[in-house]
Amino acid sequence: MGIELKIGEEYLHKGGRVTLVTVTDSTAFLRPNGSMHIYPAEVTDLAPVPTAEELLHPTMSYDIQSWGRANQLAEAIALGLSQDTAMADLASVIAETFQVSQRQAHRYIAKFRENSSPLALLPEKPGPKVGLRRVEREREAIISNEIDSEYLRREKPSFEHLYECISTACRGAGLKPPCKNTVRKRINSITAQLRTSRREGAKRAKEMHVAAPGYAPADYPLHRVEIDHTLCDVILVADTPAREVLGRPWLTLAIDVFTRMVVGLHLSYERPSSASVAMCLANAILPKDAWLANNGVAGEWPCQGLMKEIWVDNAMEFRAVALRRGCEQYMTKLQYRPVGSPEMGATIERLIGTMMGRVHLIPGTTQSNTVKKGEYDAQASACMTLREFTTWLTEQIVTKYHLGHHKGINKMPLAAWNEYFGEKGPAFKGTQLEVLGAFLPAVERKLRRVGVEFKGGHYWSERFTPWIGDDRDVVVHYHPLDASVVYVRLPSNELAVAECSSRTSRKGLTFDDVRRRGSLERAPARDPRVLQRRDESHTRTLALLKESQERTAAARANPPDQPKQQELVPAAHSPSPRIAKTLAVRLN
């Protein structure tokens with residue numbers, strides 16, 4: 138039969154797998170898999186076990202005899218059709234050769250003409266057709282309704298609950314409940330994606346059943362940079378003698394997709410904001426020499442320069458006007474990931490996962506969940522300050538991540554960067570002040586004699602002097618984490634640093650601190666006892682005013698009788714002798 142037989146090997150016999158025990162002449166003794174029974178069979182009936190690729194072929198679901206007969210039928214029909222044999226004569230030959238009726242022979246010919254392959258002539262498998270349902274229409278409707286209302290919902294009811302609901306409904310309608318296998322088949326006929334979507338949500342269904350083959354690739358370094366935030370899985374302490382526990386910091390990371398180089402980072406206790414993005418971009422665009430020196434890290438971090446595209450998610454901080462205008466200023470395209478498509482940010486997500494995996498080795502780690510954390514006391518073990526953690530993270534990036542083999546590009550990230558740029562990398566001629574001015578949030582204010590007023594304080598710079606008195610509108614950029622200064626875009630389009638000139642210093646405070654401090658200063662005026670005294674005083678003054686108005690109105694409406702005034706007669710007096718003599722002369 139053309140195959141080599143070996144004792145102990147597996148073969149196919151009549152569609153089933155068997156092990157060859159021994160062979161004599163034309164007889165083979167076989168043991169079915171999973172059985173100790175041994176039986177004889179013709180050697181010619183054995184076939185080799187198909188490979189994995191062969192198993193995918195549709196013919197492998199049929200036994201050797203059925204496939205051989207279908208192949209002979211196909212050859213006979215093809216020969217008759219090629220010789221233009223009359224259909225009646227061809228059907229007679231087929232019927233006589235294969236011991237079938239004339240009607241069956243005509244069916245074989247018709248099937249072969251529709252599909253010229255032995256597959257069309259294979260016998261149909263016994264049993265009901267796929268999808269055929271023999272349950273009466275009333276019970277079918279009950280099963281369908283109960284599956285839809287009781288099984289396909291977010292509470293994820295069990296199969297037993299569903300079957301109990303179907304049985305109860307059937308008995309209530311005077312019908313016999315279906316068997317459990319019937320219900321299971323109805324459930325299995327629903328697509329897995331629909332079941333998951335109804336029971337676990339559309340997001341979970343997409344993660345499990347929707348293909349996510351690609352991401353937006355990059356063609357060269359700084360072509361595409363991805364940015365995202367994460368709450369670090371570690372608790373830090375204050376940089377004070379007492380080393381008080383502060384909490385978990387937020388990390389903003391930027392990665393170059395082409396080389397997998399980390400191009401920028403920012404650490405802060407404040408929640409992500411447009412300022413976090415601006416600080417990360419400033420770190421990404423500008424040279425890192427000063428950063429490495431300030432953190433005491435000896436290594437090579439050549440990343441700098443403007444990127445072509447920035448890919449972000451749809452969080453509010455990435456929708457800020459300042460970020461969009463900053464990108465427009467530097468001709469950088471701000472690209473938002475499609476909603477519900479985390480695979481479009483796979484590069485930055487993997488980087489964050491890698492970094493957090495290393496963070497889990499630090500004392501004070503919270504681990505990724507409470508199960509992994511167990512009974513570990515993260516607060517009691519916390520030991521690093523934010524500055525120390527920044528140095529540690531910079532070391533991890535520069536001397537470990539950049540110098541490690543990356544499977545995504547099959548080389549070291551630093552090697553990929555240097556291969557493209559060589560010794561002379563990209564450069565950016567601007568300053569940190571200009572970058573911050575481009576990306577930090579901004580508002581418009583009037584430039585007055587006292588400077589600019591912003592969030593309850595006054596800010597002044599000597600560079601304001603030429604424009605004092607013109608009542609100019611200027612743009613004020615501010616960093617939410619530093620209330621001591623603002624950055625004012627002068628009418629000459631230059632950026633000036635204005636310091637707080639208010640009576641109360643804002644050095645070392647954030648704008649949230651300023652707001653809270655102002656709220657605390659105003660708190661005594663909102664004390665209930667003070668408010669009660671003010672209300673009582675207000676009530677008394679209103680009553681006094683009302684009483685005064687009523688008295689005045691009454692007096693004017695009914696004035697009292699006025700007493701008669703007596704005529705005032707001047708007192709008689711004798712003129713002086715001199716005046717009398719004068720009068721007498723005049724009268725004579």
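Taking the numbering used here, the leading residue of the sequence shown gets 138, the next gets one more, and so forth. Backbone N, C-alpha and C fix where the C-beta goes; we use that ideal spot for every residue, glycine too. Bear in mind the structure is a predicted one, so any value in this text is a computation, not a measurement.
Rounded distance between the beta-carbons of L418 and G436, thought under 8 Å: Your numbering for residue 436 matches position 299 in the sequence shown. Your numbering for residue 418 matches position 281 in the sequence shown. That belief does not hold up - the Cβ atoms of G436 and L418 are roughly 22 Å apart, past 8 Å.
query: Opposite F166 in the DSSP bridges: which residues?
result: Residue 166 sits at position 29 when you count from the first residue of the sequence shown. F166 is bridged to T159, P177.
task: Give the range of the alpha helix (DSSP H) segment to which W428 is assigned.
output: Translated into the one-based positions of the sequence shown, residue 428 becomes position 291. Its alpha helix (DSSP H) spans residues 426-431.
message: Can you look up D182 in the DSSP assignment and give me helix, strand or coil?
response: Counting from 1 along the sequence shown, the entry for residue 182 is found at position 45. Three-state result, D182: helix.
field: Distance, I214 Cα to T159 Cα
entry: Your numbering for residue 159 matches position 22 in the sequence shown. Your numbering for residue 214 matches position 77 in the sequence shown. Cα-Cα distance, rounded: 40 Å.
query: Can you tell me where the alpha helix (DSSP H) with I303 in it begins and where it stops?
result: In the sequence shown, the residue the question calls residue 303 occupies position 166. Segment 296-309, the alpha helix (DSSP H) holding I303.
message: Looking at the strands, I want to know which residues DSSP matches up with R582.
response: Here residue 582 refers to the residue found at position 445 of the sequence shown. Answer is V611.
field: DSSP bridge partner residues for S405 (one or two, in chain order)
entry: What you label residue 405 is simply residue 268 of the sequence shown in a count that begins at 1. In DSSP, S405 forms a bridge with W387.
task: Can you have a look at I392 and say buried or exposed, based on whether 16 or more other CB atoms are within 10 angstroms of its CB?
output: Walking along the sequence shown from the start, residue 392 turns up at place 255. Result: buried.
- prompt: What separation, rounded to the nearest whole angstrom, lies between the Cα atoms of P350 and A483?
  reply: Translated into positions along the sequence shown, residue 350 becomes position 213. Translated into positions along the sequence shown, residue 483 becomes position 346. Note on P350: pLDDT 49, under 50, position unreliable in the model; the coordinate value appears next. C-alpha separation (whole angstroms): 11 Å.
field: Where the alpha helix (DSSP H) containing Q669 begins and where it ends
entry: Here residue 669 refers to the residue found at position 532 of the sequence shown. Counting along the chain, the alpha helix (DSSP H) containing Q669 begins and ends at 665-694.
field: For S281, three-class secondary structure by DSSP
entry: For the purposes of this step, residue 281 is identified with residue 144 of the sequence shown, where counting begins at 1. The answer is helix: DSSP assigns S281 an H, G or I state.
Pick from Y596, M492, N282 that is closest to S638, judged by C-alpha positions: For the purposes of this step, residue 638 is taken as the residue at position 501 of the sequence shown. Comparing Cα positions, the closest option is Y596.
- prompt: Taking C-beta to C-beta, are L359 and M444 nearer than 8 Å?
  reply: Looking up residue 359 in the sequence shown gives position 222. Looking up residue 444 in the sequence shown gives position 307. Cβ atoms of L359 and M444: closer than 8 Å.
message: Rounding to the nearest angstrom, what Cα-Cα distance links R609 and G593 in this structure?
response: The residue given as residue 609 occupies position 472 in the sequence shown. The residue given as residue 593 occupies position 456 in the sequence shown. In a straight line, the C-alpha of R609 is about 19 Å away from that of G593.
message: Which same chain residues end up closer than 8 Å to I327 when comparing Cβ atoms and leaving out the 5 residues on each side of it in sequence?
response: Here residue 327 corresponds to residue number 190 of the sequence shown, with the count starting at 1. Hits under 8 Å: I284, L289.
- prompt: Taking all protein chains shown into account, do 16 or more other C-beta atoms lie within 10 angstroms of the C-beta of P628, making it buried, or fewer, making it exposed?
  reply: As a working mapping, residue 628 is identified with position 491 in the sequence shown. Exposed is the call here.
- prompt: By DSSP, does T502 sit in helix, in strand, or in coil?
  reply: Here residue 502 refers to the residue found at position 365 when the sequence shown is read from its first residue. Three-state DSSP puts T502 in a strand.
task: Excluding the 5 residues preceding and the 5 following I144 in the sequence, name in chain order all residues of the same chain whose CB lies nearer than 8 Å to its CB.
output: In the sequence shown, the residue the question calls residue 144 occupies position 7. Excluding positions up to five away in sequence, the list reads L157, V158, T159, V160.
message: Tell me the rounded alpha-carbon separation between P563 and V623.
response: Here the question's residue 563 lines up with position 426 in the sequence shown. Here the question's residue 623 lines up with position 486 in the sequence shown. Distance between the alpha carbons of P563 and V623: 30 Å.
field: Endpoints, the alpha helix (DSSP H) within which K470 is located
entry: In the sequence shown, counting from the first residue as 1, residue 470 sits at position 333. From DSSP, K470 is part of no alpha helix (DSSP H) but of the beta strand (DSSP E) over 470-473.
Sequence-distant residues of its chain with Cβ nearer than 8 Å to E179 (five each side left out): In the sequence shown, residue 179 corresponds to position 42, counting from 1. Taken in chain order, the residues that qualify are S163, T164, A165.
field: Spatial neighbours of H194 in its chain, beta-carbon cut-off 7 Å, leaving aside the 5 residues before and after
entry: As a first step, residue 194 must be located in the sequence shown, where it is residue number 57. Residue placement at H194 is flagged as unreliable, the pLDDT there being 48, under the threshold of 50; a coordinate-derived value is accordingly withheld.
query: Among A633, Y245, M453, I605, which has the Cα closest to the Cα of Q569?
result: Reading the sequence shown from its first residue, position 432 is the one you call residue 569. The option with the nearest alpha carbon to Q569 is A633.
Touch test, the stretch 524-542 against the stretch 486-501, Cβ-Cβ under 8 Å, three pairs minimum: yes
- request: Reducing DSSP to helix, strand and coil, say where F395 ends up.
  value: As a working note, residue 395 is residue 258 in the sequence shown. F395 falls in the coil class under three-state DSSP.
task: Would you mind reading off the limits of the alpha helix (DSSP H) that contains W554?
output: Counting from one through the sequence shown, the residue named residue 554 turns up at place 417. Here the alpha helix (DSSP H) through W554 covers 550-558.
task: Evaluate the contact criterion for the stretch 221-239 versus the stretch 248-256: three or more CB pairs, one atom per stretch, below 8 Å.
output: no
task: Assign H542 to buried or exposed, taking buried as 16 or more other Cβ atoms, counted over all protein chains shown, within 10 Å of its Cβ.
output: Residue mapping note: residue 542 aligns to position 405 of the sequence shown, counting from 1. Exposed, because fewer than 16 other Cβ atoms sit within 10 Å of the Cβ of H542.
- prompt: Which ranges does the beta strand (DSSP E) cover as unbroken runs of at least 3 residues, wholly within the stretch 596-651, from first to last along the chain?
  reply: 609-616, 619-626, 632-637
message: Classify P603: buried if its beta carbon has 16 or more other beta carbons within 10 angstroms, exposed otherwise.
response: As a position in the sequence shown, residue 603 is number 466, starting the count at 1. So P603 counts as exposed.
query: Any idea what DSSP makes of G145, helix, strand or coil?
result: Translated into the one-based positions of the sequence shown, residue 145 becomes position 8. G145 falls in the coil class under three-state DSSP.
query: How should P409 be labelled, buried or exposed, when 16 other C-beta atoms within 10 angstroms of its C-beta is the threshold for buried?
result: Here the question's residue 409 lines up with position 272 in the sequence shown. It is buried - the Cβ of P409 has at least 16 other Cβ atoms within 10 Å.
field: Closest residue to F648 among V587, A694, E407, L368 (Cα-Cα distance)
entry: As a first step, residue 648 is located in the sequence shown; it is residue number 511 there, counting from the start. The shortest Cα separation from F648 among V587, A694, E407, L368 belongs to E407.
- prompt: Is it right to say M453 is buried, meaning 16 or more other beta carbons lie within 10 angstroms of its own, or is it exposed?
  reply: Residue 453 sits at position 316 when you count from the first residue of the sequence shown. With fewer than 16 Cβ atoms within 10 Å of its Cβ, M453 is classed as exposed.
- prompt: What is the DSSP secondary structure of R487, counted as helix, strand or coil?
  reply: Position 350 of the sequence shown holds residue 487. Residue state, collapsed to three classes: helix.
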